[in-house]
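Enquirer:
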Amino acid sequence: MRPIHRISEDVLRPAPESDPSSQAAFPEVPVLPSTLLGLELLLQRPAFDLAQAARLLGTDPGAVLHLFGMVAAEFPDETGRPVRLNECMANLSPRRLLGRLAGAPLAQRSRREHTQFAGFAAHAAEIGQSAQAVADSLGLPREQAFLVGLLHELGCLPPVLGWRGEPWRPVSAVLCCEQLARSYGLPDALRSALDDVHRERADSVWTAVIAAAHDLLEPADRSVLTV
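Under my numbering, think of the first position of the sequence shown as 32, with each following residue one higher.
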């Protein structure tokens, strides 16, 4: 699948590195309506299926960010903090999670932003699955590869969601990724891998995994970070 969205030069151009904590906070990343509906249906069952819920959230970059954000709030010290999706789910109340996700619905966005984010999420989920297949062939951690693939364009969200002007001035995709990763409390290893991918570090295994993941789907497919 070719990415259906393109990133503006303002976001892709290099920007001076600065302390992310000094930047204004970004708006909430939205959650797909299908994720909210699916989670609500799972909650109506006699027994809540954690594995199925984790698979559901794994199709939605916004939902995964909010999940990690809630876990980070529950475990301020990263030592001992859950890092796998099913472990994160097991440490949270499903209804609390649904309440958090319902607070950031995509339905409140414009039709254009809704379409762009839905396309962004679909591409992200495909690359996540493809990256997992690449990891299997290389003996790399499967879930780490999936999450890197799912969030490999995290720094490209501002134009997708229409974040424009002050206080969200245009920043580089690298800096935007760093800010969002910190804001949602992503694990250190995942933040480091995403930074490698956004900076396109040639000596990083994760840069190679994401490039191979695109090629595995379609040889001509390339991340929007490279357009």
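Glycine residues also receive a C-beta, built at the ideal position from the N, C-alpha and C atoms.
Is it buried or exposed for P77, if we count other Cβ within 10 angstroms and need 16 for buried?
Expert: Position 46 of the sequence shown, counted from the first residue, corresponds to residue 77. Counting Cβ neighbours within 10 Å, P77 comes out exposed, since fewer than 16 surround it.
Enquirer: Three or more beta-carbon pairs under 8 Å between the region 204-215 and the region 151-170, yes or no?
Expert: Cβ pair count under 8 Å is below three, so no.
Enquirer: Three or more C-beta pairs under 8 Å: does that hold for the region 137-156 against the region 224-235?
Expert: Too few Cβ pairs lie closer than 8 Å, so no.
Enquirer: Can you check DSSP and say which residues form a bridge with P136?
Expert: Against the sequence shown, residue 136 aligns to sequence position 105. Its beta-bridge partners are V62.
Enquirer: Whole angstroms is fine: what's the gap from L248's alpha carbon to H229's?
Expert: Counting from 1 along the sequence shown, the entry for residue 248 is found at position 217. Counting from 1 along the sequence shown, the entry for residue 229 is found at position 198. Approximately 20 Å between the Cα atoms of the pair.
Enquirer: Assuming P64 contacts A155 under a Cβ cut-off of 8 Å, what Cβ separation, rounded to an integer in Å, is found between them?
Expert: Residue mapping note: residue 64 aligns to position 33 of the sequence shown, counting from 1. Residue mapping note: residue 155 aligns to position 124 of the sequence shown, counting from 1. Between A155 and P64 the Cβ distance is about 16 Å, and since that is not below 8 Å, they are no contact.
Enquirer: If distances are taken between C-alpha atoms only, which option among S124, D108, V62, M101 comes closest to L81?
Expert: Position 50 of the sequence shown, counted from the start, is the residue given in the question as residue 81. The shortest Cα separation from L81 among S124, D108, V62, M101 belongs to S124.
Enquirer: Look at the alpha carbon of A242 and the alpha carbon of L188, and state the distance between them as a whole number of angstroms.
Expert: Indexing the sequence shown from 1 puts residue 242 at position 211. Indexing the sequence shown from 1 puts residue 188 at position 157. Taking the straight line joining both Cα atoms gives about 20 Å.
Enquirer: Does the distance from the CB of L192 to the CB of E144 come in under 8 Å?
Expert: For the purposes of this step, residue 192 is identified with residue 161 of the sequence shown, where counting begins at 1. For the purposes of this step, residue 144 is identified with residue 113 of the sequence shown, where counting begins at 1. Yes, the Cβ-Cβ distance between L192 and E144 is below 8 Å.
Enquirer: Are the CB atoms of F79 and L72 nearer to each other than 8 Å?
Expert: One-based indexing of the sequence shown puts residue 79 at position 48. One-based indexing of the sequence shown puts residue 72 at position 41. It is not a contact, given that the beta carbons lie outside the stated cut-off.
Enquirer: What's the call for S52, buried or exposed, on a 16-neighbour Cβ count within 10 Å?
Expert: On the sequence shown, position 21 is the one that residue 52 refers to. The pLDDT assigned to S52 is 39, lower than 50, so where the model puts this residue is not dependable; a value taken from the coordinates is nonetheless given after this. With fewer than 16 other Cβ atoms within 10 Å, it is exposed.
Enquirer: Could you give the distance in angstroms between the alpha-carbon of S235 and the alpha-carbon of A135?
Expert: Mapped onto the sequence shown, residue 235 falls at position 204. Mapped onto the sequence shown, residue 135 falls at position 104. Roughly 33 Å between the two C-alpha positions.
Enquirer: If you compare alpha carbons, which of V114, D108, A103, L67 is closest to A94?
Expert: Along the sequence shown, one-based indexing puts residue 94 at 63. Of the listed residues, the one whose Cα sits closest to A94 is L67.
Enquirer: Quick one, are the C-beta atoms of L259 and P58 less than 8 Å apart?
Expert: Since the first residue of the chain shown is 32 and the last is 258, residue 259 is not available in this structure.
Enquirer: Distance, Cα to Cα, Q175 vs L221?
Expert: The residue labelled residue 175 in the question sits at position 144 within the sequence shown. The residue labelled residue 221 in the question sits at position 190 within the sequence shown. Approximately 7 Å, taken between the alpha carbons.
Enquirer: Mind checking which residues open and close the alpha helix (DSSP H) that includes G159?
Expert: Counted from its first residue, the sequence shown places residue 159 at position 128. Segment 142-169, the alpha helix (DSSP H) holding G159.
Enquirer: If you run the structure through DSSP and keep just helix, strand and coil, what is V261?
Expert: Lying outside 32 to 258, the shown extent of the chain, residue 261 is not represented and no answer is given.
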